[in-house]
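Student: For the sequence shown, position 102 (counting from the first letter as 1) is numbered 277 according to the working numbering, and the numbering increases by one without interruption.
Even glycine gets a Cβ: it sits at the ideal position worked out from N, Cα and C.
Below is a structure I'd like to ask you about.
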Amino acid sequence: SLVMPTDEFVNDKLAYIVTLLLTVTAFQYSISADLPKTSETTLMDKYILLAYGILTFFVLEIAVVFEINKRNPDLARVIDYSIGGIMAVLWLGIGARFVWGYWVMNHYDIDWDAVSHEEMHGWSKDMKGDTKYIGCATGKLLG
C-alpha cells in the first residue's frame with residue numbers, strides 16, 4: 176500500500192490493510208486448535224498481536240498521511256516511505272526472533288543426568304550435620 180499515491184488511492188490502501196487484518200484473523204482462527212490451552216501468552220500469541228498492532232498502526236498512518244498530503248505532498252511521501260521502512264524492519268526483526276526462538280526450542284538439548292547430579296550434590300552439602308543426610312557417591316547417582 177506504500178507504493179500507491181495517497182491522494183488518489185486512500186480507499187484502496189485502507190481496503191488492502193483491512194484485507195490483511197482479516198487474513199491475520201483467519202490465520203489465528205486456523206491455528207487456534209493447535210495452540211496449547213493456557214492462560215499465559217505464547218510466542219505465537221505475541222506474533223499475532225504484533226501483526227494486529229502493525230496493521231492497526233498502518234490504518235492510522237494512512238489517515239494521517241492523507242491529511243498531511245493535502246498541505247504538503249512531498250512531506251507526506253517522505254513520512255509514508257519512512258514509516259513503511261521502519262515497519263518492514265520491525266516485522267522482519269520480529270520474524271527473525273520468532274524463527275530463532277523456534278530453532279533454539281528444537282535444538283537446545285539438556286543433559287538431565289548432569290542437572291540431577293548438580294542438584295543432588297548441592298542438596299547433600301546443605302544437609303550435613305544433625306539434619307537428614309542425603310549421600311551420593313560420585314558416579315553412582317541415578318536420579
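Specify the secondary structure class of Y256 as computed by DSSP and reduced to three states.
Tutor: helix
Student: Taking the alpha carbon of I237 as the reference point, which residue from E294, V185, D286 has its own alpha carbon closest?
Tutor: In terms of CA proximity to I237, V185 leads the group E294, V185, D286.
Student: Do A251 and I243 count as a contact pair if the criterion is CB distance below 7 Å?
Tutor: yes
Student: Determine the extent of the alpha helix (DSSP H) in which L230 is found, giving its start and end residues.
Tutor: 218-246
Student: With G229 and Q203 assumed to form a contact (beta carbons below 8 Å), what rounded beta-carbon distance in angstroms separates them?
Tutor: Note that residue 229 is Ile in the sequence shown, not Gly. Their Cβ separation, rounded to whole angstroms, is 14 Å, which puts I229 and Q203 out of contact at 8 Å.
Student: Taking the straight line between their C-alpha atoms, what separation do you get for T194 and Y283?
Tutor: 38 Å
Student: Out of G297, R246, D286, V234, point me to the one whose CA is closest to D187's CA.
Tutor: V234
Student: Which residues in the same chain have their Cβ closer than 6 Å to the Cβ of L196, if we skip the five residues on either side of it in sequence?
Tutor: So the qualifying residues of the chain are L230.
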